[in-house]
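> What follows is a single structure, and I will ask about it in a moment.
In this note's numbering, the protein residues as written are 2 to 436.
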């Protein structure tokens with residue numbers, strides 16, 4: 002059987018069973034609802050969705066539920082309408098994409114999805130509870146959830162917030178052959194290129210770390226992604242670094258980002274002395290951030306082109322635009338709130354945080370003092386210890402001295418207020434390069 006389209010269109014996740022070939026029995030057993038792994042049984046399926054395609058004159062077609070066995074005559078039971086999405090014709094074997102002629106492919110070639118999250122309403126929650134209980138799942142309760150369902154290594158939790166989380170072996174099959182066709186009424190898994198084309202666009206994500214940390218540098222990272230990179234990272238754990246609590250996990254993801262073919266990651270590190278000097282000159286953190294973001298974008302563009310760059314909203318977008326030089330003069334700049342939801346920006350946040358933590362470690366080795374992140378009471382205690390061991394004059398080398406924390410530290414270190422002016426003059430001399 003010959004593939005009708007190229008590799009980019011041969012995707013998993015369709016909900017419509019269509020034409021059956023030999024052998025005459027469909028590849029599932031009644032009451033199970035999942036296709037058996039029978040490579041000799043081939044199916045042709047057409048990508049569909051439960052609503053009309055905009056501008057399409059194609060009439061709906063009746064399709065069978067993947068959950069139900071065929072009728073007594075061996076034919077599929079056609080129960081609900083779906084609208085074919087144009088120009089996509091797929092040839093599948095159970096649970097895998099068929100290879101091109103001359104190719105070899107095994108089940109292990111396809112990395113199976115092991116985690117999935119979606120939103121469900123109360124009626125869907127009740128339906129899932131009934132259906133999974135009938136399918137032999139064990140049902141129990143967990144805090145803040147309507148129920149938890151488990152079978153073998155597959156685990157599903159329906160939270161009171163409306164979030165449904167599926168994890169474990171068998172996640173992909175449950176989503177493709179039950180949740181999407183039976184509950185959600187949509188075909189999304191495996192068709193991201195069609196349903197969310199912007200997700201695969203070439204772009205640069207930019208984010209910073211250290212802006213709100215009293216100790217340590219300001220680190221800005223730029224990460225360029227394209228469709229190939231996004232596909233590799235889609236289920237790789239790339240997310241906003243603030244949601245990753247483990248430093249070890251940050252290191253692992255930084256290595257993944259740095260070693261992924263096609264990805265470009267650049268860091269702009271503004272050390273504490275340079276940060277304090279630039280802040281004194283620019284008098285505004287947003288101006289400093291805009292300058293650092295522009296440098297990161299320029300550095301990435303020096304390696305590979307990209308039509309647009311995305312960052313979090315922190316001020317007037319013109320701040321970055323004014324700071325861009327020749328390379329970035331024509332790039333489209335997009336600033337928006339919660340930009341970390343974009344994969345490229347999330348990757349940049351991970352790279353920036355990893356570099357910030359690494360630089361803090363280098364500072365600790367140099368000064369012999371523990372430098373906690375943030376600007377908490379623990380940070381003030383560490384700063385007081387630093388001042389007592391090294392003197393207030395060196396604070397400009399390790400901290401962002403424009404923070405209000407600085408006055409608190411000087412007072413708690415027992416330095417009389419009339420001496421603060423002399424300390425600040427010493428900082429200014431260092432920042433101006435006179436020491």
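Glycine residues also receive a C-beta, built at the ideal position from the N, C-alpha and C atoms.
Since this is a predicted model, take the numbers as computed values, not measurements.
Around the C-beta of residue 153, are 16 or more other C-beta atoms found within 10 angstroms, so that it is buried, or is it exposed?
Here residue 153 corresponds to residue number 152 of the chain shown, with the count starting at 1. The residue in question, residue 153, is exposed, as its Cβ has fewer than 16 Cβ neighbours within 10 Å.
> Leaving out the 5 sequence neighbours to the left and right, which residues in its chain are closer than 8 Å to residue 439 when beta-carbon positions are compared?
The chain is shown only over 2 to 436; residue 439 falls outside these bounds and no answer can be derived.
> Work out the CA separation of residue 173 and residue 268 for me, nearest whole Å.
Taking the chain shown and counting its residues from 1, one reaches residue 268 at position 267. Taking the chain shown and counting its residues from 1, one reaches residue 173 at position 172. In a straight line, the C-alpha of residue 268 is about 36 Å away from that of residue 173.
> Does DSSP put residue 136 in a helix, in a strand, or in coil?
Translated into positions along the chain shown, residue 136 becomes position 135. Looking at residue 136 - three-state DSSP - the assignment turns out to be coil, as it is neither helix nor strand.
> Let me confirm a value: residue 206 is counted as buried when at least 16 other C-beta atoms fall within 10 Å, else exposed. Which label applies?
Translated into positions along the chain shown, residue 206 becomes position 205. Per the 10 Å Cβ criterion, buried.
> Count the C-beta pairs between the segment 379-394 and the segment 355-363 that are closer than 8 Å, then say yes if the count reaches three, no if not.
These segments do not touch.
> Hey, how far is the Cα of residue 270 from the Cα of residue 296?
Sequence index remark: in the chain shown, residue 270 carries index 269 (1-based). Sequence index remark: in the chain shown, residue 296 carries index 295 (1-based). As the crow flies, the alpha-carbon of residue 270 is around 10 Å from that of residue 296.
> I'd like the ranges of any beta strand (DSSP E) spanning at least 3 consecutive residues and lying wholly in the segment 322-374.
333-337
> Can you have a look at residue 140 and say buried or exposed, based on whether 16 or more other CB atoms are within 10 angstroms of its CB?
Sequence index remark: in the chain shown, residue 140 carries index 139 (1-based). Looking at its Cβ environment, which holds fewer than 16 other Cβ atoms inside 10 Å, residue 140 is exposed.
> Just to confirm my understanding: we take residue 279, look at its own chain, exclude 5 residues before and 5 after, and list those with CB closer than 8 Å. What are they?
Stepping through the chain shown from its first residue, residue 279 is reached at position 278. Closer than 8 Å at the Cβ level, and outside the excluded window around residue 279, lie 271, 289, 292.
> Look at residue 265 and residue 305 and say whether their C-beta atoms are less than 9 Å apart.
By one-based count along the chain shown, residue 265 stands at place 264. By one-based count along the chain shown, residue 305 stands at place 304. Taking 9 Å as the Cβ cut-off, residue 265 and residue 305 qualify as a contacting pair.
> Hey, would you say residue 394 sits closer than 9 Å to residue 428, going by beta carbons?
On the chain shown, position 393 is the one that residue 394 refers to. On the chain shown, position 427 is the one that residue 428 refers to. For residue 394 and residue 428, yes; Cβs fall inside 9 Å.
> Hey, quick one: how far does the alpha helix (DSSP H) through residue 387 stretch, first residue to last?
Position 386 of the chain shown, counted from the start, is the residue given in the question as residue 387. 378-391 is the span of the alpha helix (DSSP H), which, as asked, contains residue 387.
> Just list the alpha helix (DSSP H) runs in the segment 142-198, keeping only unbroken ones of 4 residues or longer that don't cross its boundaries, in chain order.
172-175, 193-196
> Assuming contact is defined by CB atoms lying nearer than 9 Å, are residue 224 and residue 245 in contact in what I supplied?
Along the chain shown, read from residue 1 onward, the residue named residue 224 stands at position 223. Along the chain shown, read from residue 1 onward, the residue named residue 245 stands at position 244. No; because the gap between Cβ atoms is not below 9 Å, this pair is not in contact.
> Would you report the Cα separation of residue 392 and residue 358, rounded to the nearest angstrom?
Here the question's residue 392 lines up with position 391 in the chain shown. Here the question's residue 358 lines up with position 357 in the chain shown. Looking at the two C-alpha atoms, the distance is approximately 24 Å.
> Are there three or more Cβ pairs, one per stretch, closer than 8 Å when the segment 207-221 is compared with the segment 337-354?
yes
> Find the nearest neighbour of residue 221 within the set 300, 166, 167, judged by alpha-carbon distance.
The count along the chain shown starts at 1 and reaches residue 221 at position 220. For the residues 300, 166, 167, the minimum Cα distance to residue 221 belongs to 300.
> Are residue 333 and residue 242 closer than 9 Å when you measure CB to CB?
Sequence index remark: in the chain shown, residue 333 carries index 332 (1-based). Sequence index remark: in the chain shown, residue 242 carries index 241 (1-based). Their beta carbons are not under 9 Å apart, which means residue 333 does not touch residue 242 by this criterion.
> Could you give the C-beta distance for residue 138 and residue 380, rounded to a whole number, given that I count them as a contact under 8 Å?
In the chain shown, counting from the first residue as 1, residue 138 sits at position 137. In the chain shown, counting from the first residue as 1, residue 380 sits at position 379. Actually they do not touch by this definition, with Cβ atoms about 48 Å apart.
> Rounded to whole angstroms, what is the Cα-Cα separation between residue 163 and residue 122?
Here residue 163 refers to the residue found at position 162 when the chain shown is read from its first residue. Here residue 122 refers to the residue found at position 121 when the chain shown is read from its first residue. If I take the Cα positions, the gap works out to 6 Å.
> Residue 203 and residue 233 - do their beta-carbons sit closer together than 9 Å?
Taking the first residue of the chain shown as position 1, residue 233 is located at position 232. Taking the first residue of the chain shown as position 1, residue 203 is located at position 202. For the pair residue 233 and residue 203, the CB atoms are not nearer than the 9 Å cut-off.
> For residue 294, is the classification buried or exposed, using 16 other Cβ atoms within 10 angstroms of its Cβ as the cut-off for buried?
If you number the chain shown from 1, residue 294 lands on position 293. Of the residues assessed, residue 294 falls on the buried side of the cut-off, its CB having 16 or more other CB atoms within 10 angstroms.
> Rounded to the nearest angstrom, how far is the Cβ of residue 119 from that of residue 175, given a contact under 8 Å?
Against the chain shown, residue 119 aligns to sequence position 118. Against the chain shown, residue 175 aligns to sequence position 174. 12 Å between Cβ atoms; not a contact.
> Could you give the distance in angstroms between the alpha-carbon of residue 238 and the alpha-carbon of residue 253?
Here residue 238 is taken as the residue at index 237 of the chain shown, counted from 1. Here residue 253 is taken as the residue at index 252 of the chain shown, counted from 1. The straight-line gap from Cα to Cα measures roughly 10 Å.
> Beta-carbon separation of residue 226 and residue 263 under 9 Å?
Within the chain shown, the letter at position 225 stands for residue 226. Within the chain shown, the letter at position 262 stands for residue 263. Yes, they are a contact pair.
> Whose C-beta lies closer than 8 Å to the C-beta of residue 422 among residues of the same chain, with five residues either side of it excluded?
In the chain shown, the residue the question calls residue 422 occupies position 421. For residue 422, where only same-chain residues beyond five positions count, there are no Cβ hits under 8 Å.
> Would residue 308 be called buried (16 or more neighbouring beta carbons within 10 Å of its own) or exposed?
Numbered from its first residue, the chain shown carries residue 308 at position 307. By the 10 Å Cβ count, residue 308 comes out exposed.
> Do you know whose CA, among 431, 413, 344, lies nearest residue 201's CA?
For the purposes of this step, residue 201 is taken as residue 200 along the chain shown, with counting starting at 1. The candidate whose alpha carbon is nearest that of residue 201 is 344.
> Name, in chain order, the residues that DSSP records as bridge partners for residue 271.
Taking the first residue of the chain shown as position 1, residue 271 is located at position 270. As computed with DSSP, residue 271 is found in a beta bridge with 219.
> Using three-state DSSP, classify residue 313 as helix, strand or coil.
Position 312 of the chain shown, counting from 1, holds the residue named residue 313. Reduced to three states, the DSSP call for residue 313 is strand.
> Alpha carbons only, please: which of 114, 150, 116, 117 is nearest the one belonging to residue 128?
Walking along the chain shown from the start, residue 128 turns up at place 127. The residue with the shortest Cα to Cα distance from residue 128 is 150.
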